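2 protein chains.
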Amino acid sequence: MNHQPRPLAPCSLAIVGATGAVGVEFLHCLAARNFPVGKLKLLASHRSAGKTLPFKGQSLTVEALTEDSFAGVDIALFSAGGETSKKYAPIAVKAGAVVVDNSSAFRMDADVPLVVPEVNAKEIGAHQGIIANPNCAAIISMMPLWPIHQHNRITRVQLATYQAASGAGAAAMEELSDSTRAYLAGQDYAPKVLPHPYAFNLFSHNTKIDPVTGYNDEEIKVMREARKIFGDPDLRISATCIRVPVLRAHAVAISFECERPITEHEARAMIAKAPGVKLVDDRANNLFPMPKDASGKDEILVGRIRQDLSDPSGRTIALFVAGDQLLKGAALNAVQIAEHLVKTQ
Amino acid sequence: MNHQPRPLAPCSLAIVGATGAVGVEFLHCLAARNFPVGKLKLLASHRSAGKTLPFKGQSLTVEALTEDSFAGVDIALFSAGGETSKKYAPIAVKAGAVVVDNSSAFRMDADVPLVVPEVNAKEIGAHQGIIANPNCAAIISMMPLWPIHQHNRITRVQLATYQAASGAGAAAMEELSDSTRAYLAGQDYAPKVLPHPYAFNLFSHNTKIDPVTGYNDEEIKVMREARKIFGDPDLRISATCIRVPVLRAHAVAISFECERPITEHEARAMIAKAPGVKLVDDRANNLFPMPKDASGKDEILVGRIRQDLSDPSGRTIALFVAGDQLLKGAALNAVQIAEHLVKTQ
Chain G
0 MNHQPRPLAP
10 CSLAIVGATG
20 AVGVEFLHCL
30 AARNFPVGKL
40 KLLASHRSAG
50 KTLPFKGQSL
60 TVEALTEDSF
70 AGVDIALFSA
80 GGETSKKYAP
90 IAVKAGAVVV
100 DNSSAFRMDA
110 DVPLVVPEVN
120 AKEIGAHQGI
130 IANPNCAAII
140 SMMPLWPIHQ
150 HNRITRVQLA
160 TYQAASGAGA
170 AAMEELSDST
180 RAYLAGQDYA
190 PKVLPHPYAF
200 NLFSHNTKID
210 PVTGYNDEEI
220 KVMREARKIF
230 GDPDLRISAT
240 CIRVPVLRAH
250 AVAISFECER
260 PITEHEARAM
270 IAKAPGVKLV
280 DDRANNLFPM
290 PKDASGKDEI
300 LVGRIRQDLS
310 DPSGRTIALF
320 VAGDQLLKGA
330 ALNAVQIAEH
340 LVKTQ
Chain P
0 MNHQPRPLAP
10 CSLAIVGATG
20 AVGVEFLHCL
30 AARNFPVGKL
40 KLLASHRSAG
50 KTLPFKGQSL
60 TVEALTEDSF
70 AGVDIALFSA
80 GGETSKKYAP
90 IAVKAGAVVV
100 DNSSAFRMDA
110 DVPLVVPEVN
120 AKEIGAHQGI
130 IANPNCAAII
140 SMMPLWPIHQ
150 HNRITRVQLA
160 TYQAASGAGA
170 AAMEELSDST
180 RAYLAGQDYA
190 PKVLPHPYAF
200 NLFSHNTKID
210 PVTGYNDEEI
220 KVMREARKIF
230 GDPDLRISAT
240 CIRVPVLRAH
250 AVAISFECER
260 PITEHEARAM
270 IAKAPGVKLV
280 DDRANNLFPM
290 PKDASGKDEI
300 LVGRIRQDLS
310 DPSGRTIALF
320 VAGDQLLKGA
330 ALNAVQIAEH
340 LVKTQ
């Protein structure tokens, strides 16, 4: 891929998948963070072309994505699924854009940085035209572990997720609402987007299972991407990914083991100082991270920090986190990467 | 406590807390399992006295619980909260009844057997008048581990729960439905039963936190009771208990470590043969345990059985279970205990 650096501020942007759940949040983040937007091109499938979306008081018209969409674009934010990224990201790079890709298409490629800016922003500079935005559950889980990993290496992570509908897109969010409404009215509802009834139900993440290990694709993403984000191929990690009837914020129960003993007080102090995370660990008032409170928030909420009593060596800490799947889990993280691009080029 | 054995079949029964979520399921289980019911006395608070409940085609009138309620009662099934059990269970025992208590009041008492019949039915005979029914999440979590523990001792368990509303009673189930209906209609809803908004939200279990360990009461119950049920005070265990917006079946993500290496195939084969559990582990069709499928079922559903890849020694297995909180998590387990009493006395 021939990436030609060019001046980036103010910056000509394209959003691929502009009408999706993440696309809309790209616009929200760009506006809220006062990103130096020059030209802004909203791209989506032919089906969505002609729709309009609001941005900073203007009404922008969505164009159909074509091979000619990227002329003059500095940064292209992609969130339209792996197949679209595989086809159009190289085209965008060839046209001179830097692609920040929210799909899983390029995440594990050796020449593609996989970036959570609070963790490994330094990787951004090494890009060859594409920078990958990690899996949402990986971002949300690893954010609070990074400050600890730097002081007392984390050798093992076990986690179980409580993942919201938004990870499967706007249609899945609608299916959760519609099927729940039907359930409460005593009406039948045939799932269209997800493979199982979702009203007051939960299920193992709807990605295919690796027949050898028994882990599903989502879990494998979390595990592989965690190692790449931390730059630690030896990190031992196991994930169980579960879809719960929540609209847009993921939660994760995490247990992690350090090289040396660690107290909950040490862990809490390190997390409290870290950027992008917020302690919500109020035992007296039973107030801990909840999807309701994480929704619409930039920070990953972290609480229930305690010694994991199943490890008598005192090296294991348990905690519970919640983070907005569409913000830090997707759009916000990508926009933060774009901000680094603007600053450093 | 002076317990006087007396003939038990057909058996004079009392149900304390008959109008509650578990009380109604006691009646269901007694009828469905054709329990040898002689006289059946339904007891509840003064507020509920006079209500009627159906049982095998009859309509039974609920009486107010008093100190004189237990004359002639052989077995009393209690599910009306810890305070009621603390006050009335000794009175019932004094009157000659055997109490099967669903509250946590006596569970950790040294002279009170804590019983999951598939695991430790042999303890029932040692009772001094009271037999305790374990915490719902403890029953559901430990059922699939017992067949493995007998062959290859489990030394460590880490689990994260996905607990239904029913664990907090019928009023909490109603609050989940009502608050969700309000949310979907765009209306405000002030929580009355649970401390946090429940519609499309989840939260750390609403029991008080131990300030020393940071574990909440529910987690401490699961951890202590698991050790007592297994008769293994050395079992190292950590639980994270989370309330999810599901009506009546709990799910649990479990990782357990054995003394010796174990393969997923060995674990699956042992679980498949065990009573009271059902394998739902269909990787090809992505069909695993779900609350929807566990609701109304006697069996604990078990799936996602796989090697926990965070343990390179090959001694750790991950799995995911779902079980009806009101049935095997409460009423069914208690009725099974009562069946053992009838059989053995």
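Respectively, the protein sequence lines represent chains G and P.
Here the first sequence is numbered in numbering that gives the first Met the number 0, starting from 0 and rising by one per residue.
Here the second sequence is numbered in numbering that gives the first Met the number 0, starting from 0 and rising by one per residue.
Ideal Cβ positions, reconstructed from N, Cα and C, are used throughout, including at glycine.
On a predicted model such as this, the values are computed, not experimentally measured, just so you know.
- Rounded to the nearest whole angstrom, the C-alpha separation of Asp-297 (chain P) and Asp-100 (chain P) is 19 Å.
- Contact between Val-92 (chain G) and Ile-123 (chain G) is ruled out by a C-beta separation of about 15 Å, above the 8 Å threshold.
- At least 7 Å separates the beta-carbon of Leu-325 (chain G) from that of Ser-103 (chain G).
- With respect to chain P, the C-beta atom of Phe-77 (chain G) has no partner C-beta closer than 7 Å.
- In terms of beta-carbon proximity, Thr-51 (chain G) stays away from the interface with chain P, with every pair separated by 7 Å or more.
- When the alpha-carbon of Met-269 (chain G) is set against those of G:Pro-143, G:Phe-255, G:Leu-193 and G:Pro-244, the nearest one is in G:Pro-143.
- In its chain, beyond the 5 residues on either side, Thr-18, Ala-43, Thr-60 and Val-61 have a beta carbon closer than 8 Å to the beta carbon of Lys-50 (chain G).
- Exclusion of the five residues before and after Leu-286 (chain G) leaves Val-279 as the residues of its chain whose Cβ lies within less than 7 Å of its Cβ.
- In this structure Val-243 (chain G) is buried. Its beta-carbon is surrounded by 16 or more other beta-carbon atoms within 10 angstroms.
- Among the CB atoms of chain G, none fall inside 7 Å of the CB of Tyr-188 (chain P).
- For Thr-212 (chain G), the secondary structure class from DSSP, reduced to helix, strand or coil, is coil.
- When C-beta atoms of the stretch 104-122 of chain G are compared with those of the stretch 324-339 of chain G, three or more pairs fall below 8 Å, so the two segments count as touching.
- The contact set of Phe-319 (chain G) on chain P, defined by CB atoms closer than 8 Å, consists of Ser-203, Thr-239 and Ile-241 in chain order.
- Annotation: Gln-186 (chain P) is outside any alpha helix (DSSP H) and is labelled neither H nor E by DSSP.
- Residue range 290-293 is occupied by the alpha helix (DSSP H) that includes Pro-290 (chain G).
- Between the stretch 158-173 of chain G and the stretch 248-268 of chain G there are three or more C-beta pairs closer than 8 Å, enough to call the two in contact.
- DSSP places Thr-18 (chain G) in the coil class of the three-state scheme, outside both helix and strand.
- Contacts with chain G at 7 Å (Cβ-Cβ) include Pro-196 (chain P).
- Within the stretch 244-316 of chain P, complete alpha helix (DSSP H) segments of at least 4 residues are found at 263-272 and 290-293, given in chain order.
- When the five nearest sequence neighbours on each side are left out, the beta carbons in the same chain lying within less than 6 Å of the beta carbon of Trp-145 (chain P) are those of Val-118, in order along the chain.
- For the stretch 222-233 of chain P, the beta-carbon criterion of a distance under 9 Å to any beta-carbon of chain G is satisfied by Met-222.
- Annotated as distal: Ser-68 (chain P) and Phe-77 (chain P), with beta-carbon spacing of 7 Å or more.
- At a Cβ-Cβ threshold of 7 Å, Ala-96 (chain P) and Ala-79 (chain P) do not count as neighbours.
- At a cut-off of 7 Å between C-beta atoms, Leu-300 (chain P) does not count as an interface residue with respect to chain G.
- Interface flag for Met-289 (chain P) against chain G is set, since a Cβ pair is found closer than 7 Å.
- Distances from the CA of Ser-47 (chain G) to each of G:Lys-55, G:Leu-64, G:Val-251 and G:Ala-329 were compared; the closest alpha carbon is that of G:Leu-64.
- Boundaries around Lys-93 (chain P) are those of the alpha helix (DSSP H), 81-93, since no beta strand (DSSP E) includes it.
- At a Cβ-Cβ threshold of 7 Å, Asn-200 (chain P) and Ile-208 (chain P) do not count as neighbours.
- The beta-carbon of Leu-183 (chain P) is placed less than 7 Å from the nearest beta-carbon of chain G.
- The distance from the Cβ of Val-192 (chain G) to that of Ala-171 (chain G) is about 5 Å, consistent with a contact at the 8 Å cut-off.
- In this structure, the straight-line span from the alpha carbon of Val-98 (chain G) to that of Ile-299 (chain G) is close to 25 Å.
- For Ala-136 (chain P), the enclosing alpha helix (DSSP H) covers residues 135-141.
- In the displayed model, Thr-179 (chain G) falls within a helix according to three-state DSSP.
- Within the DSSP secondary-structure output, Gly-56 (chain P) pairs in no beta bridge.
- Annotated as distal: His-204 (chain P) and Glu-224 (chain P), with beta-carbon spacing of 7 Å or more.
- Between Ile-153 (chain G) and Gly-328 (chain G), the C-beta spacing is not below 7 Å.
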